[in-house]
Every structure is written in C-alpha cells, then in structure tokens.
Amino acid sequence: PALKNLPQGKIYLLVAPFLPAPLIEKAASLGCRTWISKHENGKYHVYFSK
3 PALKNLPQGK IYLLVAPFLP APLIEKAASL GCRTWISKHE NGKYHVYFSK
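Listed below in structure tokens is the structure:
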C-alpha cells in the first residue's frame, strides 16, 4: 500500500537483510523507480520514488 500511494517526488526507503527482488519488480509495475545500495553490514537500502 505504501508504494501504491507514494506521492510524486517523495522517496521511500526500505532497509532489508536481503535483496527483495519480487518487491522491486512489483514497484516497477506500479511505475516506481528504484535504486539499491548494499552496505558493509550486509543490509540493502532500497529506495523507491515516483
């Protein structure tokens, strides 16, 4: 629900211990742009925006 209602120009950050590929694909189908950074602690920071 958060991604579906994400306001234009806002960024949503998800921190995960794994790469959430299905969620990234779903976000793309909703028109979201994504970018990912992997940190030294093994966590992925996945950013979503419209």
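With the sequence shown counted from 1, adding 2 to any position gets you the numbering used here.
We put the beta carbon where it would ideally sit given N, CA and C, even for glycine.
Please read these numbers as outputs of a predicted model, since none were measured by experiment.
When C-alpha distances from N43 are compared across L25, L8, A18, the shortest belongs to A18. In the same chain as G11, and ignoring 5 residues on each side of it, the C-beta atoms closer than 8 Å to its own belong to S51, K52, in chain order. Bridge pairing for H47: V17, S39 [DSSP]. Distances from the alpha-carbon of K40 to those of L21, A4, Y14, L8 put L21 closest. Taking L8 as the centre and dropping the five residues before and after it, the same chain places the C-beta of Y14, K52 closer than 6 Å to its C-beta, in chain order.
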